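This report refers to the structure that appears directly beneath it.
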Amino acid sequence: MTDTLTVKSTRRHRKLHPAAVRTMHWINAVAMIMLIGSGWKIYNDEVLFGWLHFPDWMTFGHWAQHGLQIHFFAMWLLAINGLCYLIYGFFTGRFRRKLLPISPREIIADVRDALSFKLAHDDITHYNAVQKTLYVGIMLIIAVQVLSGLAIWKPVQFQELLSLFYGFQGGRLAHFIGMTAIVGFLVIPVALALLVPKTIGAMVTGGPDVPDAPDAHPVAAQ
Amino acid sequence: MAIKSPSRSIVRPQNGSDQSPLDEGRKLVAEINRRNLLRGTVSLGALTMLTGCSVSDTDTVQSVLRAVSSLNDSVQALLFNPNKLAPTYSVDQVVKPPRFNAYYEIEDVKPVDGKAWKLELAGLIDNKTPWTAEQIYKLPEQEIIVRHICVEGWDYIGQWSGVSLAEFLKRIGADTRAKYIAFKCADGYTETLDMATALHPQTILATKYAREPITDPFGFPLRLRTSTKLGFKNAKWITAMEVTNSFVPTYWSKQGFNWFAGL
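Residue numbers (our numbering), protein chains in the order written: chain A, 723 to 944; chain B, -17 to 245.
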């Protein structure tokens, strides 16, 4: 359970969000926003749904080629940063510590608490079951999004991968649905984070110190 | 204020740990002012909107984006497997007529006079004698039924036939160790292919669509058709071909589209 990247001290304390996590978080945020805004530009050139065009002011890039340039620039940011994040999360035990275990019973209880406005926010070092589900879910969605992106980028070289998405237009649709899920994830929890702003503060400053050992949750916050 | 009790977990110690650092942290996060946060968010939002209209085509940003696009050219060349064939389809899936694509509308196509037309050859080629349409139409034909994928995102299945480009390069004594094949077109369009793609078994100089001579809007009398590139790489109304080692920027790459554009 010890964090190998943490300097061992007698205090055995470290920040809730170590500097590495904060750096990767904000690089990811920038890459995601670039990918989404430029993706909308690319989408507009050949829409999947006749009723849906993204207004120019919310797309990135002047013309389609600029949208493509930004998209294929930001893909490297996302890929390299994402890979570092996964390696970090697995090797330091952060994923296991923060995201596991997830029990369906806990999710139901937290959803019930949230709907009755009784969900605990006092201790931001502990992710509730809904948060855990969303964080694991978004990572899986991003992974699928990378796969559908690779498949429609290289529909001949990666044709086996593309066939999982039912061909080129299927791949485009999967990439669009993945985008929608990511935007949904951005909108809802970002709104919630704005309601509990200390969570964003913690992603900038690192947040409160936490014990090096897995934290014990107080029986009831006072 | 009683909050829900924590879930039982095997990774959570039973006795709890020192909570004082948490209290110190609380003071710090309490100082983060909602108003400032909102202001910051709005500024960030405004910046991203700026990107939408002008940032991407300023010189500095363009040079960075274009450098990454060249890097992507090299990555795509590495990903390109010269023996990997694109999926092929059956005759009944073929769309007739093909879908038009060019840098102008179909009404503005200027038909090429097949009788006066010649294919000029230049560069690292042994026999640079120009070819007439009649001569080219007599060459052995290869047929491919492949998917055309446009950079915009649309696609259709087309049935193309004509001489294999690899075969044609052999006939004219081209140096296939050269890096590029550059095409010039009757409408001023320019395009270059990397040699590996030019030699791919599904790259042809097409003269027919659905077993009939290609019509004017689709590149009569001679066009390129390769299964491993985006639609715009398939030069139409070809008038000249050069085998060369020096990179020649193309119509779309000059405007910022990715040059390799491989599928």
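Virtual Cβ for every residue (Gly too), placed ideally from N, Cα, C.
On a predicted model such as this, the values are computed, not experimentally measured, just so you know.
Compute the Euclidean distance between the alpha carbons of residue i and residue j, then round it to the nearest angstrom.
i, j, result
"A:Ile809", "A:Val852", "24 Å"
"B:Lys152", "A:Leu872", "34 Å"
"B:Tyr119", "B:Gly144", "8 Å"
"B:Asn240", "A:Thr745", "30 Å"
"A:Val909", "B:Leu212", "34 Å"
"B:Phe202", "A:Ala913", "57 Å"
"B:Ala222", "B:Asp95", "15 Å"
"A:Ile860", "A:Ala751", "13 Å"
"A:Val866", "B:Glu194", "42 Å"
"B:Lys78", "B:Tyr86", "21 Å"
"B:Leu181", "A:Gln787", "28 Å"
"A:Pro777", "B:Gly155", "53 Å"
"B:Glu134", "A:Asp767", "5 Å"
"A:Gly923", "A:Ala915", "10 Å"
"A:Leu770", "A:Leu883", "21 Å"
"A:Pro877", "A:Gly759", "23 Å"
"B:Thr174", "B:Ala168", "15 Å"
"B:Asn54", "A:Val833", "45 Å"
"B:Ala84", "A:Phe890", "21 Å"
"A:Gly789", "A:Gly761", "7 Å"
"A:Phe839", "A:Tyr857", "21 Å"
"B:Ala192", "B:Gly140", "8 Å"
"A:Leu917", "A:Ser885", "42 Å"
Can you name, in chain order, every residue of its own chain whose Cβ lies under 6 Å from the Cβ of residue i, other than the five neighbours on each side?
i, result
"B:Arg207", "Trp142, Ile186, Ala188, Asn216"
"B:Cys35", "Bear in mind that the predicted position of B:Cys35 carries a pLDDT of just 45, short of 50, making it unreliable; the figure below should be weighed with that in mind. Nothing listed; no residue qualifies."
"A:Glu828", "Ala851"
"A:Asp835", "Leu841"
"A:Met756", "Ile792, Ala796"
"B:Leu32", "With a pLDDT of only 49 at B:Leu32, under the threshold of 50, the placement of this residue in the model should not be trusted; the figure read from the coordinates follows. If we look at B:Leu32 and ignore the five residues flanking it on each side, it has no Cβ neighbours."
When the cut-off is 8 Å and only beta carbons count, does residue i lie next to chain C?
i, result
"B:Arg153", "Absence of chain C from the displayed structure is noted, the protein chains being A and B."
What whole-angstrom Cβ distance do residue i and residue j have, given they're in contact under 8 Å?
i, j, result
"B:Val128", "B:Gln44", "Not confirmed; about 34 Å, so no contact."
"A:Gly689", "A:Leu738", "Look at the range of chain A in this structure, 723 to 944, and you will see that residue 689 of chain A is not part of it."
"B:Thr248", "B:Tyr162", "Past the boundaries of the shown model lies residue 248 of chain B; chain B is included only from -17 to 245, so the question cannot be answered."
"B:Leu106", "B:Asp157", "4 Å"
"A:Lys763", "A:Phe782", "6 Å"
"A:Leu904", "A:Ile864", "Note on identity: in this sequence residue 904 of chain A is Ile, with Leu being the wrong assignment. About 7 Å separates the two Cβ atoms, so the contact holds."
"B:Ala59", "B:Thr210", "About 12 Å separates the two Cβ atoms, so there is no contact after all."
"B:Lys97", "B:Trp113", "No, B:Lys97 and B:Trp113 are not in contact; Cβ-Cβ is about 14 Å, not under 8 Å."
Where DSSP assigns a beta bridge to residue i, which residues make up the other side?
i, result
"B:Arg207", "B:Ile186"
"B:Gln141", "B:Ile127"
"B:Leu101", "B:Trp113"
"A:Tyr849", "A:Tyr849 is not bridged to any residue."
"B:Leu175", "B:Ile163"
"B:Gly213", "B:Gly213 is not bridged to any residue."
"B:Gly244", "B:Lys211"
"B:Asn146", "The question names Asn, but residue 146 of chain B in the sequence shown is Ser. Answer is B:Ile186."
"B:Ile107", "B:Ala156"
"B:Glu194", "B:Tyr191"
"A:Arg736", "A:Val932"
Just to confirm my understanding: we take residue i, look at its own chain, exclude 5 residues before and 5 after, and list those with CB closer than 7 Å. What are they?
i, result
"B:Lys249", "With chain B covering -17 to 245 only, the question about residue 249 of chain B has no answer from this structure."
"A:Ser870", "Phe887, Gly893, Ala896, His897, Gly900"
"A:Lys696", "Past the boundaries of the shown model lies residue 696 of chain A; chain A is included only from 723 to 944, so the question cannot be answered."
"B:Cys132", "Asn83, Leu212, Gly213"
Apart from the five residues on each side of it in sequence, which residues of its chain come closer than 8 Å, Cβ to Cβ, to residue i?
i, result
"B:Ser52", "Trp241"
"B:Tyr138", "Val77, Pro80, Arg81, Arg129, His130"
Chain A contacts from the stretch 202 to 214 of chain B (Cβ-Cβ distance under 8 Å): The stretch 202 to 214 of chain B vs chain A, Cβ under 8 Å: Ser209, Thr210.
Residues from the stretch 126 to 144 of chain B in contact with chain A, defined by Cβ distance under 8 Å: Of all residues in the stretch 126 to 144 of chain B, Arg129, Ile131, Cys132, Val133, Glu134, Gly135, Trp136, Asp137 have a Cβ within less than 8 Å of some Cβ in chain A.
Scan the stretch 790 to 803 of chain A for residues whose Cβ lies nearer than 8 Å to a Cβ of chain B and list them as they occur along the chain. Hits within the stretch, in order: Leu790, Gln791, Ile792, Phe794, Phe795, Trp798.
For the stretch 113 to 125 of chain B, enumerate the residues whose C-beta is nearer than 9 Å to any C-beta of chain A, in chain order. So the list is empty, because no residue satisfies the distance condition.
The stretch 155 to 180 of chain B: which residues have C-beta closer than 9 Å to a C-beta of chain A, in chain order? Per Cβ criterion, the list is empty.
Select from the stretch 890 to 901 of chain A all residues with a C-beta closer than 9 Å to any C-beta belonging to chain B, and list them in chain order. Residues passing the 9 Å Cβ filter: Phe890, Gln891, Arg894.
Could you name the residues of the stretch 62 to 84 of chain B whose beta carbon sits closer than 9 Å to any beta carbon of chain A, in the order they occur along the chain? Residues of the stretch 62 to 84 of chain B with a Cβ closer than 9 Å to any Cβ of chain A, in chain order: Phe62, Asn63, Lys66, Leu67, Ala68, Pro69.
Positions along the stretch 771 to 789 of chain A whose CB lies within less than 9 Å of some CB in chain B: Using a CB distance below 9 Å, the part of the stretch 771 to 789 of chain A facing chain B consists of Asp778, Trp779, Met780, Thr781, Phe782, Gly783, His784, Trp785, Ala786, Gln787, His788, Gly789, ordered along the chain.
Taking a Cβ distance cut-off of 9 Å, strictly less, list which residues of the stretch 805 to 826 of chain A are near chain B, in chain order. Listed by position along the chain: Arg818, Arg819, Leu822, Pro823, Ser825.
Report the residues of the stretch 863 to 877 of chain A with a CB closer than 8 Å to any CB of chain B, ordered along the chain. Closer than 8 Å at the C-beta level to chain B, one finds these residues of the stretch 863 to 877 of chain A: Lys876, Pro877.
Contact list for the stretch 739 to 772 of chain A against chain B, Cβ threshold 9 Å: Hits within the stretch, in order: Ile755, Met756, Gly759, Ser760, Lys763, Ile764, Tyr765, Asp767, Glu768, Val769, Leu770.
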